[in-house]
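*Asks:* Going by this note's numbering, the letters in the sequence shown line up with residues 19 to 241, in that order.
Let me give you the structure first, and then I'll get to my questions.
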Amino acid sequence: MTTTAPKTSAAGAIVTNLVVDLVAPIALYYGLRAAGVDQLLALLAGGAAPLVHVIWQVVRTRKVGGLALFTLTILLLSVAASFLTGSERFLLAKDGWLTAVAGLWLLGTLRTNRPFIYEAARPIADAKAKTPEDTWTHRFATSESFRHGMRVVTAAWGIALVLDAVVRGVMAYTLPVDLVPGLGGAQYAVLFVGLQIFGQVYGQRTGLIGDKKKSATAGAVTA
């Protein structure tokens, strides 16, 4: 029972975030555009879903984390700037800013003792561990190869997000406005799936995930 609850909670959170932050804005935009709504207003309406989601999380947890505060600030400033400039492209570029800062933040965790991927996945991995020695907490504390692997995966995510942000900025200012929301959503899907595949393949090869005995052998490769 203790192993399924965190897993279910994490899966539910991922699905909720995907629906609210990715699917809902795209669906709202194209639905409103089909109804004849102006591009800027349709983009603003679509952007309201993530904004409401962030506000709801702050109210529910009664806590404003650094990332939530940043996201909320960017969303509000983007809406205000879009009204002032009347620029749809400025609003579209917002996704690139958020992705860039997220990528830089992940890379910044490499300078700490807690790489982002380790901190994000540790609760689930620890809950699934069959013995205390199998927990990520124990392995991170005792295995240099494991710590190295966590840094590699975190770096891969951070670099990928920064490159993704550059592409988003180019799309926002060069492609037809009506194409960008859909292409941006597809790009998120490709990026997420690609990073998941990389994490699984790298994790299996180096022993970060799967058979713990394999990690001892992989230590000579990754250390």
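We treat Cβ as the ideally placed atom computed from N, Cα and C, and that holds for glycine.
Report yes if the CB atom of His71 is closer than 8 Å to the CB atom of Asp39, and no otherwise.
*Replies:* Walking along the sequence shown from the start, residue 71 turns up at place 53. Walking along the sequence shown from the start, residue 39 turns up at place 21. Yes, the Cβ-Cβ distance between His71 and Asp39 is below 8 Å.
*Asks:* Can you find at least 3 beta carbon pairs, one from the stretch 208-218 and one from the stretch 142-156, that sit closer than 8 Å?
*Replies:* no
*Asks:* Thinking just about the alpha-carbon of each residue, which of Asp144, His166 and Ala98 is nearest to the one in Leu12?
*Replies:* One cannot answer for residue 12 here, as it falls past the ends of the chain, which runs 19 to 241.
*Asks:* Between Gly202 and Ala183, what straight-line distance do the alpha-carbon atoms span, to the nearest angstrom?
*Replies:* Taking the sequence shown and counting its residues from 1, one reaches residue 202 at position 184. Taking the sequence shown and counting its residues from 1, one reaches residue 183 at position 165. Roughly 10 Å between the two C-alpha positions.
*Asks:* For Leu110 versus Val195, is the C-beta spacing smaller than 8 Å?
*Replies:* As a first step, residue 110 must be located in the sequence shown, where it is residue number 92. As a first step, residue 195 must be located in the sequence shown, where it is residue number 177. The Cβ atoms of Leu110 and Val195 sit closer than 8 Å to each other.
*Asks:* If I follow the unbroken alpha helix (DSSP H) through Pro141, where does it start and stop?
*Replies:* Within the sequence shown, residue 141 is the residue found at index 123, counting from 1. Note, Pro141: alpha helix (DSSP H), Phe134 to Lys146.
*Asks:* If you count every other CB in all the chains shown that lies within 10 Å of the CB of Glu162, and 16 or more means buried, which is it?
*Replies:* The residue given as residue 162 occupies position 144 in the sequence shown. Answer is exposed; the Cβ neighbour count stays below 16.
*Asks:* Put Leu201 into one of helix, strand or coil per three-state DSSP.
*Replies:* The sequence position of residue 201 within the sequence shown is 183, counting from 1. Helix, per DSSP.
*Asks:* Counting along the chain, where does the alpha helix (DSSP H) carrying Glu162 start and finish?
*Replies:* Numbered from 1 along the sequence shown, position 144 holds the residue referred to as residue 162. Unbroken alpha helix (DSSP H) run through Glu162: Glu162 to Thr192.
*Asks:* What did DSSP end up calling Ile227 once you bin it into helix, strand or coil?
*Replies:* Numbered from 1 along the sequence shown, position 209 holds the residue referred to as residue 227. Of the three classes helix, strand and coil, the one that applies to Ile227 here is coil, per DSSP.
*Asks:* For the alpha helix (DSSP H) containing Pro68, list its first residue and its last residue.
*Replies:* Residue numbering aside, residue 68 sits at position 50 when the sequence shown is read from its first letter. Looking at the DSSP string, the run of the alpha helix (DSSP H) that includes Pro68 is Gln57 to Thr79.
*Asks:* With a 10 Å radius around its C-beta and 16 neighbouring C-beta atoms as the bar for buried, classify Thr130 as buried or exposed.
*Replies:* Residue mapping note: residue 130 aligns to position 112 of the sequence shown, counting from 1. Around the beta carbon of Thr130, a 10 Å sphere encloses fewer than 16 other beta carbons of the protein chains shown; the residue is thus reported as exposed.
*Asks:* My assumption, with CB atoms under 8 Å, is that Ile227 sits in contact with Val171. Please give the rounded CB distance.
*Replies:* Position 209 of the sequence shown, counting from 1, holds the residue named residue 227. Position 153 of the sequence shown, counting from 1, holds the residue named residue 171. With a Cβ gap of about 10 Å, Ile227 and Val171 do not count as contacting.
*Asks:* Around the C-beta of Thr192, are 16 or more other C-beta atoms found within 10 angstroms, so that it is buried, or is it exposed?
*Replies:* Counting from one through the sequence shown, the residue named residue 192 turns up at place 174. Thr192 should be labelled exposed.
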